[in-house]
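Asker: One structure is given below, represented as structure tokens, and several questions about it will come after.
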Amino acid sequence: MDPLWINIFRKKLDDESLAYFLKHLPIFSELSPRALATLENLVHVRNYDAYETIFEEGDPGSGMYMIRKGSVQIYACDQSGAEEELARLIPGDFFGETTLTAPAPRSASARTMEATELVGLFRADILELAERKPSISSSILLGLTRIVSERLQAASQEIRRLRKLTGEQVSRENIET
Amino acid sequence: MNNPVQKYRGWSRAQAAMAFLILSAAIACGLAVYSSASSLIGVSRTAFSVLFLPLLFSLVLAFLLDPIVTQLEKLFSRTVSIFIVYVLTLGLATLMILWLVPHLQEFWGNIRTDFPRYTHQAIEGLKRSMAALHDRFPFIEDYGLPMKLRSWAEQLMAAILAQTPQSAMKIGGLLVLVPLFTFFFLRDGRRIMSACVALAPNRHFEMAHDLSYLVNRQLSQFVRGRVLEAIIVGLVVAGGLSLTDIRYAPMLGIFAGVTNLIPYIGPIIGMTPGLLIAFADLGVGGQFWWIVILYILIAQVLVDNFILIPVLISRVSNLHPLLVFFAIIVGGKLYGVIGMIIGVPIVSVIKITLLEIRTYRRNFRLPEAALESDRPHNL
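Top to bottom, those sequences are chains A and B.
Going by the working numbering, the first residue of the first sequence is number 426, and it counts up by one from there.
Going by the working numbering, the first residue of the second sequence is number 988, and it counts up by one from there.
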């Protein structure tokens, strides 16, 4: 919705409101109502058609997207241009959170699979909020850090498991030769 | 084909009449669209010229007050913070006006008697130097320069006297509009900005949003730096001048501060009236040389070039001198004296925006560039 008009349509059914949606995301589940109200004015709601590109690998990444309606495919292209699907995301999922705090190119591409409503939260808004309301921005960033570190832990466990697997494979090959 | 009247070049009379009707309707429509478009352009040009100055001043004021409002916002809501800042600013402005009004009255009271005296002195000086020149080079013709200078000075004085009430009306209008606009820019600036950015198509939204933030940050730094620089230079000049016996020290300080907004030429214009008045009133002596040193060495070299510019102004906004001249000439042509002052900052703003976009494009591959470089792979 146009940010100028958000205030006028404030009275909506609770479970239809943006604040309700944000509150039920794991990142923002521990935010106070005041912080949620601030966040509601900070995010950008964007509507996409089916099969519309959200971003492509290598694009400048400046924020994360949360899926409110519809579904999103995350994919990567190899050297020959063939697409490999990495994930299929549904409402309540979010993606692109790694570029929220540090500017980096997107590491994969994303496109919608049907008509989709995304809620975007971008670095510029967080930086600006950090100057105006440091406490609210830090509680938002804490939630984000929690999720990112959970994912990081999962990833490092995965790396350890894979390394173990390849190590076993290499030692087996050594024995065979 | 038998009847050439009925069939003209293969068309029946009805068809020809229809074609004629359609053509004339098309021409009429075109004319109507053209005239309404040109009147629309006229209307929008009028609207723009009416709104331009108040919008510009309120944007600058909003950039200046925004950091204070942001600091207060940690304690109060944004609207309350803006009101607090407004009350403080109003108090400061009232003090400033109370201090300035006696000086202004003195200025206006004296300038009518002083200005002819100054021009008279200048004409006398010119006559003397012309006479000296004639003594040395008798073959030079007398161009009647003193008379030209006199008539020019009289015209200038008449213009100042005639235009003062008019510009006072304009300033009165600005005093009402600028605080109003500034209030809304301060309160809703972020929403207005994001509503504008939201118009961008999905594919380019993220980049537009990021760029708007970066450009906004650079611009606010630039505007704050420039205005602070002008205020400090003005204060230094006014303070230094008030140590001497020169009259109109506060006015000359304000003039030097405002003209300091123009790079290269501004400081020279800013010091001219001060030096002329000092020369006419005080003569060439210790005080005159102190004023020269104050204008050139203290205000320009020491305070402005060594302290203010390195601290306040980023190198990004440096303009080539040629570009500065273009900006001043075009600004002067479009908006007169005010155009000359704001022309250079506006060109700097455009330059900052373009540079910010270029840095952004360098740091990341743009979507189009990425697509183009990927194309050979896909083929």
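Idealized CB from N, CA, C, for every residue including glycine.
Which residue wins for smallest C-alpha separation from Asp-503 (chain A), given the options A:Ala-475, A:Thr-526, A:Ser-532, A:Ile-584?
Answerer: A:Ser-532
Asker: Should Val-1288 (chain B) be listed as close to the ligand SAM, given that the test is whether its C-beta is under 7 Å from any heavy atom?
Answerer: Judged by which ligands are present, the structure shown has none, so any question about the ligand SAM falls away.
Asker: Can you tell me where the beta strand (DSSP E) holding Gly-1096 (chain B) begins and where it ends?
Answerer: Where Gly-1096 (chain B) is concerned, there is no enclosing beta strand (DSSP E), although the alpha helix (DSSP H) it sits in stretches over 1065-1123.
Asker: Got a sec? Which residues, its chain only, sit under 8 Å from Leu-1198 (chain B) by beta carbon, not counting five neighbours each side?
Answerer: Glu-1343, Ile-1344, Tyr-1347
Asker: Should Ser-457 (chain A) be labelled buried (16 or more other beta-carbon atoms within 10 Å of its own) or exposed?
Answerer: exposed
Asker: List the endpoints of the continuous alpha helix (DSSP H) containing Arg-531 (chain A).
Answerer: Looking at the DSSP string, Arg-531 (chain A) is not in any alpha helix (DSSP H), and its letter there is neither H nor E.
Asker: Counting only Cβ pairs nearer than 8 Å, list the residues of chain A close to Phe-1192 (chain B).
Answerer: His-469, Arg-471, Gly-545
Asker: Check whether the Cβ atoms of Thr-537 (chain A) and Gly-495 (chain A) sit closer than 8 Å, and answer yes or no.
Answerer: Yes, the pair counts as a contact, with Cβ atoms nearer than the cut-off.
Asker: Along chain A, in chain order, which residues have C-beta atoms closer than 8 Å to that of Glu-1060 (chain B)?
Answerer: Arg-557, Lys-558
Asker: Would you kindly work out how many angstroms separate the C-alpha atoms of Thr-1231 (chain B) and Ala-555 (chain A), rounded to a whole number?
Answerer: Rounded to whole angstroms, Thr-1231 (chain B) and Ala-555 (chain A) show a C-alpha spacing of 49 Å.
Asker: Measuring only the C-alpha atoms, how far is Ala-1049 (chain B) from Gln-1205 (chain B)?
Answerer: 14 Å
Asker: Counting only C-beta atoms, is Thr-463 (chain A) closer than 8 Å to chain B at any point?
Answerer: Not one chain B Cβ lies under 8 Å of Thr-463 (chain A).
Asker: Considering Glu-508 (chain A), what are the terminal residues of the beta strand (DSSP E) in which it resides?
Answerer: 508-514
Asker: Using a Cβ-Cβ cut-off of 8 Å, state whether Thr-523 (chain A) counts as contacting chain B.
Answerer: no
Asker: For Arg-471 (chain A), report the span of its beta strand (DSSP E) as first-last.
Answerer: 469-473 is the extent of the beta strand (DSSP E) around Arg-471 (chain A).
Asker: Do we get a CB-CB distance below 8 Å when we pair Gly-488 (chain A) with the residues of chain B?
Answerer: Yes, Gly-488 (chain A) counts as interfacial toward chain B.
Asker: Would Ser-534 (chain A) pass as a contact of Ala-507 (chain A) if the rule is Cβ separation under 8 Å?
Answerer: no
Asker: Quick check on DSSP: helix, strand or coil for Ser-442 (chain A)?
Answerer: coil
Asker: Verify the CB distance criterion: does Pro-458 (chain A) have a CB-CB separation below 8 Å to chain B?
Answerer: no
Asker: Show which residues of chain B have a CB atom less than 7 Å away from the CB atom of Glu-477 (chain A).
Answerer: Asn-1189
Asker: Using the three-state DSSP reduction, which class does Phe-480 (chain A) fall into: helix, strand or coil?
Answerer: strand
Asker: Using beta carbons (cut-off 8 Å, strictly below), is Ala-1185 (chain B) in contact with chain A?
Answerer: yes
Asker: Short of 6 Å in beta carbon distance, which residues of its chain neighbour Thr-1169 (chain B), apart from the five on each side in sequence? Order them along the chain.
Answerer: Ser-1045, Leu-1048, Ala-1049
Asker: When you compare the CB of Phe-480 (chain A) with every CB in chain B, is at least one pair closer than 8 Å?
Answerer: yes
Asker: Tell me where the beta strand (DSSP E) around Gly-1272 (chain B) begins and ends.
Answerer: Element bounds for Gly-1272 (chain B): n/a, residue is neither H nor E.
Asker: For chain B, is any of its Cβ atoms less than 8 Å away from the one on Thr-526 (chain A)?
Answerer: no
Asker: Considering Cα atoms alone, identify which of B:Val-1056, B:Ile-1316, B:Asn-1292, B:Thr-1340 is closest to Phe-1171 (chain B).
Answerer: Scanning B:Val-1056, B:Ile-1316, B:Asn-1292, B:Thr-1340 for the CA closest to the CA of Phe-1171 (chain B) turns up B:Val-1056.
Asker: Under 8 Å, do Ile-1296 (chain B) and Val-1223 (chain B) count as touching if we go by C-beta distance?
Answerer: no
Asker: Who are the Cβ neighbours of Ala-1001 (chain B) in its own chain at under 8 Å, not counting the five residues just before and after it?
Answerer: none
Asker: For chain B, find out if any of its Cβ atoms is closer than 8 Å to the Cβ of Ala-549 (chain A); answer yes or no.
Answerer: yes
Asker: Whole angstroms is fine: what's the gap from Ala-580 (chain A)'s alpha carbon to Gly-521 (chain A)'s?
Answerer: Their backbone Cα atoms lie some 16 Å apart in a straight line.
Asker: How many Å lie between Glu-481 (chain A) and His-1191 (chain B) at the Cα?
Answerer: 11 Å
Asker: Under a CB-based cut-off of 8 Å, is Thr-1057 (chain B) close to chain A?
Answerer: It does; some Cβ of chain A falls within 8 Å.
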